[in-house]
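This note's numbering applies: residue 16 is where the sequence shown begins, and numbers increase by one.
Note that beta-carbon positions come from the ideal geometry of N, C-alpha and C, so glycine has one too.
Everything below concerns the one structure shown next.
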Amino acid sequence: TCVNGIGERAGNAALEEVVMAIKTRSDFFGLATNVDTTQIHRTSRLVSQLTGMGVQPNKAIVGGNAFRHQSGIHQHGITKLRETYEIIDARDIGLSRGGMIVLNKNSGRHGLKARLDELGYEITREEMDRVFLAFKELADKKGEIDDRDLDALVSEERRTVEEVYKLELLQVSCGNQAMSTAEVHLIGPEGRETTTTSTGTGPVDASYRAINGLVGVPNQLIEYAVNAVTEGIDAQGVVTVRIDETWYKAEPARVERRLSIPHGQIPDINDTIATDSDIGHSRRSSGSVDHLHVGDQ
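Following this line, the structure appears as C-alpha coordinates:
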(Lines of atoms letter the chains of each structure in order from A and count residues from 1; the text may use other names and numbers.)
(Lines give C-alpha, C1' and ligand atoms only; values in the text may rest on other atoms or scores of the structure.)
Protein backbone atom coordinates (compact mmCIF):
# COMPACT_ATOMS: atom_id res chain seq x y z
CA THR A 1 0.00 0.00 0.00
CA CYS A 2 1.01 3.65 -0.48
CA VAL A 3 -0.23 6.95 0.87
CA ASN A 4 -2.70 8.47 -1.61
CA GLY A 5 -2.53 5.24 -3.62
CA ILE A 6 0.38 6.46 -5.74
CA GLY A 7 2.40 3.93 -7.71
CA GLU A 8 4.67 3.51 -10.71
CA ARG A 9 1.94 2.61 -13.21
CA ALA A 10 -1.70 2.20 -12.18
CA GLY A 11 -1.02 2.93 -8.52
CA ASN A 12 -1.25 0.83 -5.39
CA ALA A 13 -3.87 0.26 -2.73
CA ALA A 14 -4.35 3.50 -0.81
CA LEU A 15 -2.94 3.08 2.70
CA GLU A 16 -5.42 5.50 4.23
CA GLU A 17 -8.40 3.65 2.73
CA VAL A 18 -7.23 0.26 3.99
CA VAL A 19 -6.48 1.60 7.48
CA MET A 20 -9.79 3.43 7.83
CA ALA A 21 -11.77 0.45 6.50
CA ILE A 22 -10.19 -1.72 9.20
CA LYS A 23 -10.79 0.93 11.87
CA THR A 24 -14.40 1.56 10.87
CA ARG A 25 -15.33 -2.12 10.52
CA SER A 26 -13.05 -3.67 13.13
CA ASP A 27 -16.00 -5.64 14.47
CA PHE A 28 -16.49 -7.30 11.08
CA PHE A 29 -12.86 -7.90 10.14
CA GLY A 30 -11.64 -8.69 13.62
CA LEU A 31 -8.51 -6.67 12.87
CA ALA A 32 -6.76 -3.58 14.21
CA THR A 33 -3.73 -1.47 13.31
CA ASN A 34 -1.25 0.64 15.26
CA VAL A 35 -1.55 3.52 12.81
CA ASP A 36 -2.19 6.96 14.33
CA THR A 37 -5.07 7.83 12.02
CA THR A 38 -5.14 11.46 13.15
CA GLN A 39 -2.00 11.99 11.05
CA ILE A 40 -3.58 10.69 7.82
CA HIS A 41 -4.77 14.02 6.43
CA ARG A 42 -1.52 15.83 7.22
CA THR A 43 0.56 12.97 5.77
CA SER A 44 -1.53 12.92 2.59
CA ARG A 45 -0.95 16.64 2.05
CA LEU A 46 2.76 16.27 2.70
CA VAL A 47 3.12 13.42 0.20
CA SER A 48 1.15 15.38 -2.38
CA GLN A 49 3.35 18.45 -1.96
CA LEU A 50 6.64 16.54 -2.09
CA THR A 51 5.73 14.39 -5.10
CA GLY A 52 3.87 17.04 -7.06
CA MET A 53 0.98 14.59 -7.50
CA GLY A 54 -2.33 16.14 -6.53
CA VAL A 55 -5.15 14.32 -4.78
CA GLN A 56 -8.41 14.29 -6.74
CA PRO A 57 -11.22 16.06 -4.86
CA ASN A 58 -13.51 13.00 -4.96
CA LYS A 59 -10.95 10.58 -3.53
CA ALA A 60 -12.10 8.56 -0.54
CA ILE A 61 -10.85 9.60 2.92
CA VAL A 62 -8.38 12.35 1.89
CA GLY A 63 -10.11 13.98 -1.09
CA GLY A 64 -11.10 17.60 -0.70
CA ASN A 65 -14.80 16.76 -0.98
CA ALA A 66 -14.78 13.69 1.27
CA PHE A 67 -16.19 15.56 4.27
CA ARG A 68 -17.73 18.60 2.61
CA HIS A 69 -21.45 19.24 2.50
CA GLN A 70 -23.03 21.96 0.35
CA SER A 71 -26.63 20.81 0.18
CA GLY A 72 -28.82 22.46 2.81
CA ILE A 73 -30.45 19.19 3.82
CA HIS A 74 -27.02 17.58 4.17
CA GLN A 75 -25.75 20.41 6.35
CA HIS A 76 -28.84 20.18 8.52
CA GLY A 77 -28.43 16.41 8.85
CA ILE A 78 -24.75 16.68 9.75
CA THR A 79 -25.56 19.26 12.41
CA LYS A 80 -28.20 17.06 13.99
CA LEU A 81 -26.52 13.66 13.62
CA ARG A 82 -23.17 13.29 11.88
CA GLU A 83 -23.64 9.57 11.20
CA THR A 84 -26.53 10.40 8.86
CA TYR A 85 -24.09 11.11 6.04
CA GLU A 86 -20.64 10.29 7.47
CA ILE A 87 -19.65 6.77 8.42
CA ILE A 88 -16.20 8.10 9.37
CA ASP A 89 -15.59 11.04 11.69
CA ALA A 90 -13.40 13.70 10.04
CA ARG A 91 -11.54 14.11 13.33
CA ASP A 92 -10.34 10.51 13.06
CA ILE A 93 -8.08 11.48 10.14
CA GLY A 94 -6.89 14.74 11.67
CA LEU A 95 -9.54 17.12 10.37
CA SER A 96 -11.69 19.31 12.57
CA ARG A 97 -15.21 20.42 11.85
CA GLY A 98 -13.59 23.79 11.16
CA GLY A 99 -12.12 22.22 8.04
CA MET A 100 -15.61 22.17 6.58
CA ILE A 101 -15.87 25.95 6.95
CA VAL A 102 -14.55 27.90 3.98
CA LEU A 103 -12.76 31.17 4.76
CA ASN A 104 -13.47 34.26 2.68
CA LYS A 105 -12.48 37.92 2.34
CA ASN A 106 -14.48 38.81 5.45
CA SER A 107 -12.54 36.38 7.64
CA GLY A 108 -10.23 37.97 10.18
CA ARG A 109 -6.70 37.31 11.30
CA HIS A 110 -7.76 35.23 14.31
CA GLY A 111 -9.96 32.98 12.19
CA LEU A 112 -7.14 32.39 9.73
CA LYS A 113 -4.63 31.71 12.52
CA ALA A 114 -7.00 29.23 14.16
CA ARG A 115 -7.42 27.31 10.91
CA LEU A 116 -3.66 27.24 10.26
CA ASP A 117 -3.16 25.88 13.79
CA GLU A 118 -5.70 23.15 13.07
CA LEU A 119 -3.81 22.26 9.90
CA GLY A 120 -0.64 21.80 11.94
CA TYR A 121 1.29 24.88 10.84
CA GLU A 122 3.55 26.58 13.37
CA ILE A 123 3.45 30.18 12.19
CA THR A 124 5.66 32.92 13.58
CA ARG A 125 4.32 36.45 13.99
CA GLU A 126 6.33 37.66 10.98
CA GLU A 127 5.14 34.77 8.81
CA MET A 128 1.57 35.37 9.91
CA ASP A 129 1.80 39.01 8.85
CA ARG A 130 2.86 37.97 5.34
CA VAL A 131 0.42 35.08 5.07
CA PHE A 132 -2.51 37.23 6.19
CA LEU A 133 -1.74 39.89 3.58
CA ALA A 134 -1.48 37.21 0.90
CA PHE A 135 -4.69 35.62 2.17
CA LYS A 136 -6.66 38.89 1.91
CA GLU A 137 -5.27 39.54 -1.56
CA LEU A 138 -6.22 36.08 -2.81
CA ALA A 139 -9.63 36.16 -1.09
CA ASP A 140 -10.47 39.43 -2.86
CA LYS A 141 -9.83 37.71 -6.20
CA LYS A 142 -11.05 34.20 -5.49
CA GLY A 143 -13.83 34.68 -2.95
CA GLU A 144 -13.66 31.46 -0.95
CA ILE A 145 -10.42 30.04 0.44
CA ASP A 146 -10.11 26.40 1.46
CA ASP A 147 -7.36 24.28 3.00
CA ARG A 148 -5.57 23.69 -0.29
CA ASP A 149 -5.36 27.43 -0.85
CA LEU A 150 -3.89 27.84 2.63
CA ASP A 151 -1.30 25.13 1.93
CA ALA A 152 -0.20 27.00 -1.19
CA LEU A 153 -0.10 30.36 0.60
CA VAL A 154 2.06 29.09 3.45
CA SER A 155 4.38 27.23 1.08
CA GLU A 156 4.89 30.36 -1.00
CA GLU A 157 5.72 32.49 2.03
CA ARG A 158 8.28 30.02 3.40
CA ARG A 159 11.28 30.41 1.19
CA THR A 160 14.48 28.48 1.81
CA VAL A 161 16.76 30.19 -0.72
CA GLU A 162 17.64 33.86 -0.97
CA GLU A 163 15.99 35.50 -3.97
CA VAL A 164 18.97 36.74 -5.94
CA TYR A 165 16.65 37.12 -8.92
CA LYS A 166 13.00 38.12 -8.67
CA LEU A 167 10.51 38.00 -11.52
CA GLU A 168 8.90 41.43 -11.82
CA LEU A 169 7.00 41.08 -15.08
CA LEU A 170 6.28 38.43 -17.70
CA GLN A 171 4.40 39.13 -20.90
CA VAL A 172 3.90 36.39 -23.49
CA SER A 173 2.46 36.62 -27.00
CA CYS A 174 1.68 33.46 -28.96
CA GLY A 175 -0.65 32.09 -31.62
CA ASN A 176 -1.08 29.29 -34.13
CA GLN A 177 0.37 31.34 -36.99
CA ALA A 178 3.31 33.05 -35.28
CA MET A 179 6.40 32.43 -33.17
CA SER A 180 5.91 32.85 -29.45
CA THR A 181 7.48 35.95 -27.90
CA ALA A 182 8.23 36.54 -24.22
CA GLU A 183 9.20 39.79 -22.52
CA VAL A 184 10.80 39.33 -19.10
CA HIS A 185 11.72 41.90 -16.44
CA LEU A 186 13.98 40.62 -13.65
CA ILE A 187 15.27 42.35 -10.54
CA GLY A 188 18.76 41.05 -9.87
CA PRO A 189 21.59 41.67 -7.42
CA GLU A 190 21.61 45.09 -5.76
CA GLY A 191 18.12 45.76 -7.10
CA ARG A 192 19.30 46.11 -10.67
CA GLU A 193 16.45 45.66 -13.16
CA THR A 194 17.08 43.98 -16.50
CA THR A 195 14.74 43.42 -19.42
CA THR A 196 14.87 41.30 -22.54
CA THR A 197 12.64 39.79 -25.20
CA SER A 198 13.06 36.37 -26.76
CA THR A 199 11.24 34.10 -29.21
CA GLY A 200 10.72 30.35 -29.08
CA THR A 201 8.69 27.43 -30.36
CA GLY A 202 6.11 28.05 -27.62
CA PRO A 203 5.48 30.29 -24.59
CA VAL A 204 7.49 28.03 -22.26
CA ASP A 205 10.48 27.91 -24.63
CA ALA A 206 10.37 31.67 -25.22
CA SER A 207 10.19 32.44 -21.49
CA TYR A 208 13.09 30.16 -20.60
CA ARG A 209 15.24 31.56 -23.39
CA ALA A 210 14.57 35.11 -22.17
CA ILE A 211 15.43 34.30 -18.55
CA ASN A 212 18.58 32.41 -19.52
CA GLY A 213 19.67 35.36 -21.63
CA LEU A 214 19.43 37.67 -18.62
CA VAL A 215 21.00 35.58 -15.85
CA GLY A 216 23.62 33.55 -17.72
CA VAL A 217 23.37 30.59 -15.32
CA PRO A 218 23.68 27.27 -17.23
CA ASN A 219 20.60 25.06 -16.93
CA GLN A 220 18.66 22.66 -19.13
CA LEU A 221 14.90 22.18 -18.96
CA ILE A 222 14.03 18.47 -19.09
CA GLU A 223 10.41 18.34 -17.94
CA TYR A 224 7.68 20.88 -17.15
CA ALA A 225 4.13 20.55 -15.78
CA VAL A 226 1.44 22.79 -14.31
CA ASN A 227 -1.28 21.22 -12.17
CA ALA A 228 -4.29 22.92 -10.61
CA VAL A 229 -4.63 22.39 -6.86
CA THR A 230 -8.04 24.06 -6.60
CA GLU A 231 -11.05 24.29 -8.88
CA GLY A 232 -12.59 27.06 -10.93
CA ILE A 233 -11.41 29.81 -13.22
CA ASP A 234 -9.31 31.28 -10.38
CA ALA A 235 -7.65 27.95 -9.59
CA GLN A 236 -4.19 28.03 -8.06
CA GLY A 237 -1.51 26.10 -9.90
CA VAL A 238 1.54 24.16 -8.79
CA VAL A 239 4.47 24.38 -11.21
CA THR A 240 6.80 21.39 -11.23
CA VAL A 241 9.92 21.37 -13.40
CA ARG A 242 12.92 19.12 -13.81
CA ILE A 243 16.06 21.07 -14.64
CA ASP A 244 19.16 18.99 -15.26
CA GLU A 245 18.57 16.14 -12.77
CA THR A 246 16.88 18.10 -9.98
CA TRP A 247 13.15 18.59 -9.40
CA TYR A 248 11.84 22.03 -8.39
CA LYS A 249 8.35 23.09 -7.43
CA ALA A 250 6.74 26.50 -6.97
CA GLU A 251 3.23 27.36 -5.83
CA PRO A 252 2.33 30.80 -7.23
CA ALA A 253 -0.73 31.22 -5.05
CA ARG A 254 -1.31 34.89 -5.77
CA VAL A 255 -1.00 34.94 -9.56
CA GLU A 256 -2.99 33.54 -12.41
CA ARG A 257 -1.89 30.20 -13.82
CA ARG A 258 -1.04 31.65 -17.23
CA LEU A 259 1.81 33.57 -15.54
CA SER A 260 3.33 30.43 -14.06
CA ILE A 261 5.67 29.47 -16.90
CA PRO A 262 9.02 30.56 -15.38
CA HIS A 263 8.20 29.80 -11.74
CA GLY A 264 10.25 26.64 -11.65
CA GLN A 265 13.28 28.13 -13.40
CA ILE A 266 13.90 31.11 -11.11
CA PRO A 267 14.11 28.89 -7.97
CA ASP A 268 16.63 26.70 -9.80
CA ILE A 269 18.77 29.72 -10.65
CA ASN A 270 18.58 31.13 -7.12
CA ASP A 271 19.35 27.68 -5.72
CA THR A 272 22.38 27.33 -7.98
CA ILE A 273 23.76 30.73 -6.98
CA ALA A 274 23.21 30.03 -3.28
CA THR A 275 24.85 26.62 -3.51
CA ASP A 276 27.83 27.97 -5.43
CA SER A 277 28.32 30.60 -2.74
CA ASP A 278 28.11 28.07 0.11
CA ILE A 279 29.95 24.97 -1.07
CA GLY A 280 31.31 25.70 -4.52
CA HIS A 281 29.11 23.23 -6.37
CA SER A 282 26.69 23.95 -9.20
CA ARG A 283 23.79 21.84 -7.91
CA ARG A 284 22.44 20.33 -4.75
CA SER A 285 22.58 16.58 -4.67
CA SER A 286 18.96 16.32 -3.55
CA GLY A 287 15.77 17.94 -4.83
CA SER A 288 14.49 21.01 -3.05
CA VAL A 289 11.22 22.85 -2.92
CA ASP A 290 11.83 26.55 -3.48
CA HIS A 291 9.44 29.38 -4.15
CA LEU A 292 9.32 32.57 -6.17
CA HIS A 293 7.57 35.79 -5.23
CA VAL A 294 5.91 37.45 -8.21
CA GLY A 295 5.15 41.14 -8.37
CA ASP A 296 1.60 42.38 -8.88
CA GLN A 297 2.11 43.68 -12.39
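Candidates the options: which alpha carbon is nearest residue i's?
i           : options            : result
residue 122 : 25, 152, 27        : 152
residue 180 : 163, 208, 186, 73  : 208
residue 197 : 144, 154, 226      : 226
residue 206 : 148, 73, 183, 135  : 183
residue 57  : 162, 129, 101, 233 : 162
residue 52  : 217, 204, 104      : 104
residue 137 : 148, 156, 166      : 166
residue 169 : 40, 146, 189, 216  : 146
residue 172 : 27, 140, 16, 191   : 140
residue 78  : 66, 60, 64, 155    : 60
residue 134 : 120, 148, 164      : 164
residue 202 : 42, 191, 185       : 185
residue 158 : 66, 29, 39, 120    : 120
residue 219 : 128, 64, 80, 236   : 236
Are the CB atoms of residue j and residue i within a distance shorter than 8 Å?
i           : j           : result
residue 200 : residue 210 : yes
residue 118 : residue 126 : yes
residue 37  : residue 48  : yes
residue 195 : residue 231 : no
residue 32  : residue 76  : yes
residue 62  : residue 18  : yes
residue 16  : residue 27  : yes
What residues match up with residue i in a beta bridge as DSSP calls it?
i           : result
residue 119 : 159
residue 208 : 202
residue 340 : Nothing in the structure corresponds to residue 340, since the chain is present only between 16 and 312.
residue 29  : 17
residue 195 : 215
residue 181 : 202
residue 169 : Residue 169 is not bridged to any residue.
residue 69  : Looking at the DSSP assignment, residue 69 forms no beta bridge with any residue, so it has no partner.
residue 187 : 197
Starting from residue i, trace the alpha helix (DSSP H) both ways and give me its first and last residue.
i           : result
residue 222 : 218–230
residue 62  : 55–66
residue 128 : 124–133
At what residues does the beta strand (DSSP E) containing residue i begin and finish?
i          : result
residue 74 : Premise fails: residue 74 is in no beta strand (DSSP E) and is neither H nor E.
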